[in-house]
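*Asks:* Mapping to UniProt numbering: the sequence shown position 334 is 334, numbers consecutive.
Ideal placement from N, C-alpha and C gives every residue a C-beta, glycine not left out.
Dumping the structure here so I can ask a few things about it.
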Amino acid sequence: MISFKENIITLKKKHIKKTSKEFEFHPGYLEIIERPPAPIASITAFSILSLVLLILVWSIVGELEIHATSKGKLLVTSNSKTVQSMETGQITSINVRDGQYVNKGDVLIRLNQVGIESEINEINEKIEYRQVELSISRALLLKKPINELILLFDIDENRKEFVMGQLDSRLSEYFSRLKEFDRNIEVSIAKKKSAEQDIIYLKELFFNIEQRLSSIMVLQKSNLISRNEVLEKEKEKIDVNRMLSQKKSTVNIIDAEIKSTKAGRITYVATTKRNYMDSISKNTSEIKLLNQNLIKLKNKFRLQVITAPVSGYVQQLSVHTIGGVVKSAQELLVIVPYNQTLEAEVMILNKDVGFVHRGQEVQVKIDAFPYTRYGLLIGEVMFISSDSVTHSELGLVFPARIKLNTYHILVEENKTPLQAGMSVTVEILTGRRKIIDYILSPLQKYQSEALRER
1 MISFKENIIT LKKKHIKKTS KEFEFHPGYL EIIERPPAPI ASITAFSILS
51 LVLLILVWSI VGELEIHATS KGKLLVTSNS KTVQSMETGQ ITSINVRDGQ
101 YVNKGDVLIR LNQVGIESEI NEINEKIEYR QVELSISRAL LLKKPINELI
151 LLFDIDENRK EFVMGQLDSR LSEYFSRLKE FDRNIEVSIA KKKSAEQDII
201 YLKELFFNIE QRLSSIMVLQ KSNLISRNEV LEKEKEKIDV NRMLSQKKST
251 VNIIDAEIKS TKAGRITYVA TTKRNYMDSI SKNTSEIKLL NQNLIKLKNK
301 FRLQVITAPV SGYVQQLSVH TIGGVVKSAQ ELLVIVPYNQ TLEAEVMILN
351 KDVGFVHRGQ EVQVKIDAFP YTRYGLLIGE VMFISSDSVT HSELGLVFPA
401 RIKLNTYHIL VEENKTPLQA GMSVTVEILT GRRKIIDYIL SPLQKYQSEA
451 LRER
């Protein structure tokens, strides 16, 4: 059985469509039931639903690029050259200024060389003295002309007279000693000959006395002469025999003296030769040592003149005072090499290094030229360090080098060259990722880490 309410609703539907104002005079429940929904609400709901579906489809289909962003600076391929002082010294001249172009080998700064120069002169004098001693010793030992040895050892011409005088003096002393030995030997030989003559004479005299003594003894037996005459002759025989023994002893002593003098001569010659050889060895060693010290001093002298290691432009000149003192290893200036290719040195973060490899294309933004107005540069990853270094702000990072495809940038249709030291921002494309992954990743992470006990 149809209710009264349902009949009323059916009758209402049969009537002509009512205006929105007519619904205002109906009871509240009828107004709610019979008033059609507003068109704008339907359109809004449909639009929101369509937008949500579109975003969902785009998030599933669409991809975003993943870039590793690094900061760094431009530098020349061979790097800027820092010029330092090798020695502590006083500045005597500064020949450059900031921005000046210099060629390789040009003098940049001079330090005081007076003290080192005096040391070099002192060493040279010692070397020359040792060369003189060496030349004299060789002349005495090898019996070579001193002029030949002077040429051999490159002794200064001004020292020739001194060397000749030294050589003559030592040779005179040497030969005087030899002559003294020879004279002593000659005197000893003469004494020996004299003693030998005396021995011959005494032997003949002794023989004569023996004969006379024999004759006297025959006469004494016949009592023709007295006993005293016999004794007198016997005494004479004894004296001659004693003198003969003394002369023989004298000859032996003279022989010993001759042998001793000859041995002394040989010893003197050997000792002198050994002294010359020792002098040659000592002076040779001293000359080698002095030459080594001279090389060090000359190198130190050379380092007092600071020259340009490469051709380029002077920057960061840190000394400006003549008479000022520089310390060892103090940085004096920097030279940026001229006509060298530029590279960008950047620091790859630890989280990105696994996705960066050689040959990857990169986008380089020059901070001095906003990329929104002047565009980007294209580069290529040339090198990635195999070990990390510690950065004061970024922590552990990996240095990398980026090769640029051009070394200038267009500024108002003019090519402006890039300069070493400009800061850059490098973006390296490391991959692509679907948009929905950015939504699902936190959920997946939460799911994998949820309900775990520490």
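Measure the C-alpha to C-alpha separation of K434 and E65 and round it to an integer number of angstroms.
*Replies:* Cα-Cα distance, rounded: 9 Å.
*Asks:* CA-CA distance, V102 and S135?
*Replies:* Going from the Cα of V102 to the Cα of S135 covers about 48 Å.
*Asks:* If we count Cβ pairs, one from each stretch, closer than 8 Å, do we get three or more for the stretch 330 to 337 versus the stretch 403 to 417?
*Replies:* Segments in contact, no.
*Asks:* Buried or exposed: N95, going by 16 or more other Cβ atoms within 10 Å of its Cβ?
*Replies:* By the 10 Å Cβ count, N95 comes out exposed.
*Asks:* Does the stretch 295 to 306 come within contact of the stretch 117 to 126, defined as at least 3 CB pairs closer than 8 Å?
*Replies:* Yes: at least three Cβ pairs fall under 8 Å.
*Asks:* Is the stretch 419 to 428 in contact with the stretch 68 to 77, if contact means three or more CB pairs nearer than 8 Å?
*Replies:* Yes, the stretch 419 to 428 is in contact with the stretch 68 to 77.
*Asks:* In whole angstroms, what separates the C-alpha of L54 from that of F46?
*Replies:* Computed Cα separation, rounded: 12 Å.
*Asks:* What would DSSP say about I66, mapped onto helix, strand or coil?
*Replies:* Here I66 sits in strand by DSSP.
*Asks:* Looking only at DSSP bridge pairs, what is I414 linked to?
*Replies:* In the sequence as presented, Ile is not what sits at residue 414; that position holds Asn. Answer is V411.
*Asks:* In chain order, what residues of the same chain have a beta carbon less than 6 Å from the beta carbon of S93, not counting five sequence neighbours either side?
*Replies:* For S93, where only same-chain residues beyond five positions count, the Cβ hits under 6 Å are R110.
*Asks:* List, from N- to C-terminal side, the alpha helix (DSSP H) runs of 4 residues or more that fit wholly inside the stretch 364 to 395.
*Replies:* If we require 4 residues or more, the alpha helix (DSSP H) runs fully inside the stretch 364 to 395 come out as 371 to 374.
*Asks:* Residue range of the alpha helix (DSSP H) that A139 falls in?
*Replies:* Run containing A139: V114 to L142, per the alpha helix (DSSP H) assignment.
*Asks:* Determine the closest residue to L141 out of E161, L171, E128 and N112, with distance taken between C-alpha atoms.
*Replies:* The shortest C-alpha separation from L141 is found at L171.
*Asks:* Return the Cβ separation of L231 and F206 in integer angstroms, given the expectation that the two are a contact with Cβ distance under 8 Å.
*Replies:* Between F206 and L231 the Cβ distance is about 17 Å, and since that is not below 8 Å, they are no contact.
*Asks:* Consult DSSP for M86 and reduce its assignment to one of helix, strand or coil.
*Replies:* M86: coil per DSSP, three-state reduction.
*Asks:* Quick one: is A256 buried, meaning 16 or more other Cβ sit within 10 Å of its Cβ, or exposed?
*Replies:* Under this definition A256 is an exposed residue.
*Asks:* Might you give, ordered along the chain, the residues of its own chain that have their beta carbon closer than 8 Å to the beta carbon of D182, omitting 5 neighbours on each side?
*Replies:* Answer for D182: R265, listed in chain order.
*Asks:* Residues bridged to S327 by DSSP?
*Replies:* Strictly speaking, residue 327 in this sequence is Lys, with Ser absent from that position. DSSP, once it has assigned bridges, lists no residue as partnering K327.
*Asks:* Between L108 and I306, which are expected to be in contact by the criterion C-beta below 8 Å, what is the C-beta distance as a whole number of angstroms?
*Replies:* Confirmed, about 5 Å.
*Asks:* The beta strand (DSSP E) that contains I348, what's its start and end?
*Replies:* Where I348 is concerned, the enclosing beta strand (DSSP E) stretches over L342 to L349.
*Asks:* My guess is that I348 and G379 are in contact by the Cβ rule of under 8 Å, so how many angstroms apart are they, rounded?
*Replies:* The pair is not a contact, with the Cβ atoms about 14 Å apart (cut-off 8 Å).
*Asks:* Classify Q246 as helix, strand or coil using the three-state DSSP reduction.
*Replies:* Note: Q246 maps to helix in three-state DSSP.
*Asks:* Expressed to the nearest angstrom, what Euclidean distance is found between the alpha-carbon atoms of Y313 and V364?
*Replies:* Distance between the alpha carbons of Y313 and V364 is about 25 Å.
*Asks:* Which residues in the same chain have their Cβ closer than 6 Å to the Cβ of T82, if we skip the five residues on either side of it in sequence?
*Replies:* Result list for T82: E331 and V334, in chain order.
*Asks:* Decide if R242 is buried, meaning its Cβ has at least 16 other Cβ atoms within 10 Å, or exposed.
*Replies:* Counting Cβ neighbours within 10 Å, R242 comes out exposed, since fewer than 16 surround it.
*Asks:* Please classify R138 as buried or exposed, where buried requires at least 16 other C-beta atoms within 10 Å of its C-beta.
*Replies:* The residue is buried, with at least 16 neighbouring Cβ atoms inside 10 Å.
*Asks:* Could you give the C-beta distance for T430 and D352, rounded to a whole number, given that I count them as a contact under 8 Å?
*Replies:* Correct: roughly 7 Å between the Cβ atoms.
*Asks:* With 16 other CB atoms within 10 Å as the buried threshold, where does G89 fall?
*Replies:* Classification for G89: buried.
*Asks:* CA-CA distance, R373 and A344?
*Replies:* Going by the C-alpha atoms only, they are around 21 Å apart.
*Asks:* From what residue to what residue does the beta strand (DSSP E) around Q315 run?
*Replies:* Per DSSP, Q315 belongs to the beta strand (DSSP E) from G312 to Q315.
*Asks:* Can you tell me whether S285 is buried or exposed? The criterion is at least 16 other CB atoms within 10 Å of its CB, across all chains shown.
*Replies:* Answer is exposed; the Cβ neighbour count stays below 16.
*Asks:* Would DSSP call V356 helix, strand or coil?
*Replies:* In the structure shown, V356 sits in coil (DSSP, three-state: anything other than H, G, I, E or B).
*Asks:* For a test of the three-state rule: what should DSSP assign to K104, helix, strand or coil?
*Replies:* The answer is coil: DSSP assigns K104 none of H, G, I, E or B.
*Asks:* Would you kindly check if the distance between the Cβ of I258 and the Cβ of I199 is under 8 Å?
*Replies:* No. Outside cutoff.
*Asks:* Out of S214, V240, M217 and S85, point me to the one whose CA is closest to E204's CA.
*Replies:* With distances taken between Cα atoms, E204 lies closest to V240.
*Asks:* Tell me where the beta strand (DSSP E) around T307 begins and ends.
*Replies:* From DSSP, the beta strand (DSSP E) with T307 extends over V305 to T307.
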